[in-house]
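Take a look at the structure below.
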Amino acid sequence: MNGQIHFAKPPMTKTNKVIIIITVALFLISSGLNLAGMPNWLSILSLSGTTFFKGFLFQLFTYPFVQTTLIGTLFNCLLLWFIGGELEVKWGSKTYGLFLIASVVGAGIVFLLAHYLVPGMVHSLRGLDGINYSLLVAYGIIYSERMMSFMLIFPMKAKYFCLLLAGMQLYLGIFSANRFSAIAHLSAMAWGFLFLKYKSRAVQKKKTKRKKHLRLVSKDEENTNEPRYWQ
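Right under this line is the structure:
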């Protein structure tokens, strides 16, 4: 029935399972190091302009796996599962993986650009937030009329749910002290949107190309009474 809030449990897909396992494992290791009073070397996996430009290029791909709080780890992993699982089933693992890479790398590049343009910026970028925001954009476009629940209380359509989250990030990007992370998350949403537009155009171009190859023929071209068909 239209208007019902969507609560169906999505599948735990292969890509999301790997991301969640790595994220949770690194969080537990980091927590153990902090508890033991040992140096937390996992912080080097976060994206920082200071260390990235000194040769730590791997940070552009590792920063999403770094979570610093239990609540953040649980929330981001659950959101990745519930939103990303359905999208991976729809797109397939290859396209889904490319979407995540585009969002992660795109957001990282914007963050590094901000670090380069703003002297003295010491913030680092970490966590699955950017990935999840870009997935929410895709979800809001593909399932725009599906009903969701904001804060488990307020029902709204997926497209408005995603717009609300984008507005919250825009507010944080303008007024919060950690504005550069918020800007990176907004850029992840933008890269996700651009990926969807590119994918849509590629699919449409492929369909158009197939139609151009169709021609009306019969088994006997000279016999006009023969049944015609497309090939």
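Counting along the sequence shown from 1, when you hit position 152 you're at 136 in the working numbering, and nothing is skipped either side. Even glycine gets a Cβ: it sits at the ideal position worked out from N, Cα and C.
With a contact defined as Cβ atoms closer than 8 Å, residue 114 and residue 168 qualify at about 6 Å. The straight-line gap separating the alpha-carbon atoms of residue 94 and residue 44 is approximately 11 Å. Spatial neighbours of residue -1 in its own chain (CB-CB distance under 8 Å, excluding positions within 5 residues in sequence) are listed in chain order as 68, 72, 77, 80, 81, 84.
Beta bridge pairing from DSSP links residue 1 with no other residue.
Unbroken beta strand (DSSP E) runs of no fewer than 3 residues, entirely contained in the stretch 105 to 163, are found at 131 to 134, 138 to 141, following chain order. In this structure, the straight-line span from the alpha carbon of residue 144 to that of residue 180 is close to 18 Å. Runs of the alpha helix (DSSP H) spanning 4 or more residues and lying entirely within the stretch 25 to 99 occur at 33 to 36, 43 to 46, 54 to 63, 69 to 75, in chain order. Of the candidates 92, 96, 140, the residue whose Cα lies closest to the Cα of residue 175 is 92. Here residue -5 is exposed. Its C-beta has fewer than 16 other C-beta atoms within 10 Å. With a beta-carbon spacing of about 7 Å, residue 110 and residue 52 fall inside the 8 Å limit used to define contacts. Residue 123 sits away from residue 173, with the two beta carbons spaced by 7 Å or more.
Distance from the Cα of residue 5 is smallest, within the candidate group 163, 58, 74, for 58.
In this structure, the alpha-carbon of residue 29 lies about 18 Å from that of residue 97. Looking at 74, 22, 88, the one whose alpha-carbon comes closest to that of residue 3 is 88.
The three-state secondary structure of residue 176, taken from DSSP, is helix. For the 7 Å CB-CB criterion, residue 64 and residue 112 form a contact. Pairing residue 17 with residue 24, the inter-Cα distance amounts to about 6 Å. By the Cβ-count criterion, residue 162 is exposed, with fewer than 16 other Cβ atoms from all chains shown falling within 10 Å of its own Cβ.
Separation of the CB atoms of residue 36 and residue 10 is rounded to 19 Å, and the pair is thereby denied contact status at 8 Å. In its own chain, leaving out the 5 sequence neighbours on each side, no residue places its CB closer than 8 Å to the CB of residue 151. Within its own chain, the residues whose Cβ lies closer than 6 Å to the Cβ of residue 121, once the five positions on either side in sequence are excluded, are 146, 173, 176, 177, listed in chain order.
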